[in-house]
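In the order they appear, the protein sequences are chains R and G.
So the first sequence is numbered by my numbering: it starts at 1236 and just counts up by one.
So the second sequence is numbered by my numbering: it starts at 33 and just counts up by one.
All C-beta atoms, glycine included, are put in the ideal place defined by N, C-alpha and C.
Structure, as structure tokens:
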Amino acid sequence: MNFVKDDKMIRIEDLVFEYGWDEEEAAAPVNAVDHVSLEVERGSFTAVIGRNGSGKSTLAKNINALLLPASGRVIVDGFDTLDDAALWEIRQRVGMVFQNPDNQLVSAVVEDDVAFGPENLGVAPDEIRERIRFSLTAVDMYAHRKMAPHLLSGGQKQRVAIAGVIAMKPEIIIFDEPTAMLDPEGRAEVMGIIERLHEENITVVLITHFMEETLNSDRIVIMDRGRIAMEGTPAEIFSRTAEIEALDLKLPFAVELTARLKERGIDIPAGLITERALSEHLLTLWKGNETSDLCPSE
Amino acid sequence: MIRDITLGQYYPEHSRIHRLDPRLKIIVTLVYIVSLFLVKDFIGYGIVLVTVGIITAISKVPLKFMLRGLKPIVLIIVFTFTLNMLMTQGTILWEWGFLKITKEGLYNAVFMALRLVFLIIGSSLLTLTTKPIKLTDGIESLLKPFKRFGMPTHELAMMMTIALRFIPTLLEETDKIMKAQQARGADFETGSILRRAKALVPLLVPLFVGAFRIAQELAMAMESRCYRGGEGRTKLNALKFRGRDALAIVFTAIYMAAIMAERIFI
Ligand SMILES: Nc1ncnc2c1ncn2[C@@H]1O[C@H](COP(=O)(O)OP(=O)(O)OP(=O)(O)O)[C@@H](O)[C@H]1O
Ligand SMILES: [Mg+2]
Chain R
1236 MNFVKDDKMI
1246 RIEDLVFEYG
1256 WDEEEAAAPV
1266 NAVDHVSLEV
1276 ERGSFTAVIG
1286 RNGSGKSTLA
1296 KNINALLLPA
1306 SGRVIVDGFD
1316 TLDDAALWEI
1326 RQRVGMVFQN
1336 PDNQLVSAVV
1346 EDDVAFGPEN
1356 LGVAPDEIRE
1366 RIRFSLTAVD
1376 MYAHRKMAPH
1386 LLSGGQKQRV
1396 AIAGVIAMKP
1406 EIIIFDEPTA
1416 MLDPEGRAEV
1426 MGIIERLHEE
1436 NITVVLITHF
1446 MEETLNSDRI
1456 VIMDRGRIAM
1466 EGTPAEIFSR
1476 TAEIEALDLK
1486 LPFAVELTAR
1496 LKERGIDIPA
1506 GLITERALSE
1516 HLLTLWKGNE
1526 TSDLCPSE
Chain G
33 MIRDITLGQY
43 YPEHSRIHRL
53 DPRLKIIVTL
63 VYIVSLFLVK
73 DFIGYGIVLV
83 TVGIITAISK
93 VPLKFMLRGL
103 KPIVLIIVFT
113 FTLNMLMTQG
123 TILWEWGFLK
133 ITKEGLYNAV
143 FMALRLVFLI
153 IGSSLLTLTT
163 KPIKLTDGIE
173 SLLKPFKRFG
183 MPTHELAMMM
193 TIALRFIPTL
203 LEETDKIMKA
213 QQARGADFET
223 GSILRRAKAL
233 VPLLVPLFVG
243 AFRIAQELAM
253 AMESRCYRGG
263 EGRTKLNALK
273 FRGRDALAIV
283 FTAIYMAAIM
293 AERIFI
């Protein structure tokens, strides 16, 4: 097993991944991930967006060696995913939370499910019990530890799935559309937990279709047809509205509103991408100038 | 409606029987089944009845639940009873055409029916007092010696665990598909058996597709959580043999001795 001390948490170098020949549609293999290079800092929060089929999930699965590169390399915390001997080191470091909360819980009892990962790692039973306690507490589900997963709400199930990952003490957690199947309440719960994990210095990679969920990230990566189409901080990314719309993506509400207000001649400084920041700005504008054309005169 | 089906028949309670080591309970149940075949007269069944009665009382499982287990096999019991009654040669009590009931036949019929009833009640006691998960753990542990001969014991146990986890999920899925198809005019409840069976086909196809999708996603999630088979794996709830288990062994031995003694000396 080769281990090279690496200052980056994840280092993806010219990654190509193909699922094999698509006989009906194309004469050549289609690259689901096509020459992608990406570096993820320790403790950072990276959001990945892109239309359906743009290769986000494929990229994610390449990070924890569920899929292996056709060419290029993926280095996780100094371990190369192509190195067989490093497989379990990598999977222990990279936790994955998937979209469907039902299809990632293994056991018929919540605490047994959280124990599944540590059991696989060969952790001693007393230590497992301790890990169950802290990880279920971290997602506010300790009171439900004896329940059957199918009796929980979608948001609760997803929190149990997250606890199952936390119990493995990962460095990185990749969330692949964790809120896609949840109601607004469940979505808020899960997003709250993701931000808390980020605060506790876990490297977070969040794949999502909800622009609002990317606003607190350190960096947004936009994928399109297997390639990285855009990359930058949320403020940078959402100042390039025309490019985003060209990629079939919706703008966050505040950005959209800013654009519309600009069309009406109201000048709003760049970088107000959260609803909160925009509404605070609008409020001061309105207070400072009660007669401005913010309130149409009719 | 489909969600009302409860799996197995575990009766949650905190009795001494519930807390016994599942491995021991499985073995004792097997011993008990053997003992039923050693009984040769009604005095023997008397011993069985008293023993089962005492265990039931300790387990705090209501009698109603015990008898419920018999419901699915009433037909089999009646069938065995009738067959035994009519087919045994001996002193004729009653005759009508080629049908005749003999004294020995009646005796045999009652004897066999009782054996079946005790068989079911005994195994119900096992499933009523043991959580399915514990049962799975117990079976895995008991089969361990066969691992040497290539039996995939860990895999079997993991399969049972996953099945237990996903039965409610699949039932939900079935319910959803059924409702979706009923909303579009499918009819599962009327018509001949053939017609109803045909109506089930469009139900089964999406169900199977769904099951495969679940399997694929679950496998991926398990791999992500470092699952690599039974090798090097620890267990949160390792089975432990305790004082009360030793006590249960002593009781089982006494019971077996009584059954044997009755068979030989009375
Ligand atoms: N198991 C598979 N076998 C063959 N092709 C696949 C497989 N999974 C994905 N693909 C193809 O690879 C490409 C990228 O898929 P991927 O699932 O990575 O996209 P995605 O960005 O995650 O999309 P979504 O937003 O729908 O989740 C798509 O063209 C898809 O059809
Ligand atoms: Mg995806």
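Judged by their CB atoms, R/S1306 and R/V1251 are nearer to each other than the 8 Å cut-off. Along the stretch 150-206 of chain G, the alpha helix (DSSP H) occurs as fully enclosed runs of 4 or more residues at 164-175, listed in sequence order.
The criterion of a C-beta distance shorter than 8 Å is satisfied by R/A1398 and R/V1374.
Separation of G/V80 and G/F244 (C-alpha to C-alpha, rounded to the nearest whole angstrom) is 47 Å. If only uninterrupted alpha helix (DSSP H) runs of at least 4 residues are considered, those enclosed by the stretch 1379-1422 of chain R are 1389-1401. In this structure, R/E1466 sits near R/R1454, with a CB-CB distance shorter than 8 Å. Within the DSSP bridge table, the entry for G/I286 names no partner.
With a threshold of 16 other beta carbon atoms within 10 Å, G/R228 falls short and is exposed. Counting only residues of its own chain and dropping the five nearest sequence neighbours on each side, R/D1315 has a CB closer than 8 Å to the CB of N1237, R1308, V1309 and A1321. If only complete runs of 4 or more residues are kept, the stretch 1316-1360 of chain R shows the alpha helix (DSSP H) at 1322-1328 and 1345-1356, in order along the chain. Between R/T1438 and R/T1414, the C-beta gap is not smaller than 8 Å, which leaves the two residues out of contact. Rounded to whole angstroms, R/W1521 and R/V1283 show a C-alpha spacing of 35 Å.
Remark: fewer than three beta-carbon pairs, one from each stretch, lie closer than 8 Å, so the stretch 122-135 of chain G and the stretch 159-176 of chain G are not flagged as touching. Taking the CA atoms as reference points, G/D277 sits about 9 Å from G/R51. Contact residues of the stretch 262-276 of chain G toward chain R are G264, R265, T266, K267, L268, N269 and A270 (C-beta to C-beta distance below 8 Å). Of all C-beta pairs linking the stretch 1345-1357 of chain R to the stretch 257-270 of chain G, three or more are shorter than 8 Å, placing the two stretches in contact. Within chain R, no C-beta atom comes less than 7 Å from the C-beta of G/T159; the nearest is roughly 15 Å away. Fully enclosed beta strand (DSSP E) runs of no fewer than 3 residues occupy 124-128 and 131-134 of the stretch 83-141 of chain G, in order along the chain. Taking 9 Å as the Cβ-Cβ cut-off, the stretch 1312-1324 of chain R approaches chain G at L1322 and W1323, given in chain order. By the rule that beta-carbons nearer than 8 Å mark a contact, G/Y42 does not touch chain R. Taking a cut-off of 8 Å on C-beta distances, the stretch 177-185 of chain G does not touch the stretch 232-240 of chain G, as fewer than three cross pairs fall below it. Taking a contact as a CB-CB distance under 8 Å, the pair G/K92 and G/S47 counts as one, their CB atoms being some 5 Å apart.
A Cβ-Cβ contact shorter than 8 Å links R/T1293 with R/V1268.
A direct Cα-Cα distance of roughly 10 Å separates G/I90 from G/V84. The alpha carbon of G/F97 has as its nearest neighbour, out of G/Y43, G/V110 and G/P104, the alpha carbon of G/Y43. In this structure, R/N1335 has its beta carbon at no less than 7 Å from each heavy atom of ligand 1. DSSP, read as helix, strand or coil, puts G/G242 in helix. Within 10 angstroms of the beta-carbon of R/E1478 lie fewer than 16 other beta-carbons, which makes it exposed. Here G/I87 has I49 and L157 as same chain residues with Cβ atoms under 7 Å from its own Cβ, once five neighbours each way along the sequence are excluded. Residue environment for R/S1342: buried (at least 16 other C-beta atoms within 10 angstroms of its C-beta).
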